[in-house]
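Under my numbering, the first residue of the sequence shown carries the number 167, and numbering increases by one thereafter.
Glycine included, each C-beta is placed from N, C-alpha and C at the ideal position.
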Amino acid sequence: SEGNPRPQAGAACDHWNRFHDDIEVMKHLGVTSYRFSIEWSKIEPSPGQFDADAIDHYHEVLDALAEAGIVPMITLFHFTL
């Protein structure tokens with residue numbers, strides 16, 4: 167946007183809420199591994215404060231990938247812009 171050199175990305179593809187559908191598509195396409203990042207600001211929104219719901223969400227994603235036979239490849243060195 168004007169005057170803001172780094173506009174927010176917005177919801178983009180909304181993978182956070184649609185991961186079950188996304189993983190089904192991956193499975194249908196024959197995907198065998200999937201690289202994704204963990205949004206640390208969701209895990210630890212404030213210093214020393216951890217969000218159990220966000221941690222549970224990532225466990226659900228990992229479980230869904232395992233059930234679909236897709237190997238997760240997690241990006242550990244990731245920064246939010």
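Open item on the list: On a Cα-Cα basis, can you pick out the residue from 210, 188, 219 that is closest to residue 200?
Closed with: Position 34 of the sequence shown, counted from the start, is the residue given in the question as residue 200. Checked all of 210, 188, 219; the closest Cα to residue 200 is 188.
- [ ] Tell me whether residue 237 is buried or exposed, calling it buried when 16 or more other Cβ atoms sit within 10 Å of its Cβ.
- [x] Translated into positions along the sequence shown, residue 237 becomes position 71. That one is exposed.
Task: Among 190, 220, 180, nearest to residue 233 - alpha-carbon criterion - done: Walking along the sequence shown from the start, residue 233 turns up at place 67. Checking every option, the nearest Cα to that of residue 233 belongs to 190.
- [ ] Report buried or exposed for residue 192, applying the criterion of at least 16 other Cβ atoms within 10 angstroms of its Cβ.
- [x] Within the sequence shown, numbered from 1, the residue matching residue 192 stands at position 26. Answer is buried; the Cβ neighbour count reaches 16.
Task: Alpha-carbon spacing of residue 204 relative to residue 221, whole angstroms - done: Taking the sequence shown and counting its residues from 1, the one referred to as residue 204 is at position 38. Taking the sequence shown and counting its residues from 1, the one referred to as residue 221 is at position 55. Residue 204 and residue 221: Cα-Cα distance of roughly 10 Å.
Open item on the list: Output needed for residue 227: all residues of its chain with C-beta closer than 6 Å, excluding positions within five of it in sequence on either side, in chain order.
Closed with: Translated into positions along the sequence shown, residue 227 becomes position 61. Within the same chain, residue 227 has close Cβ partners 185.
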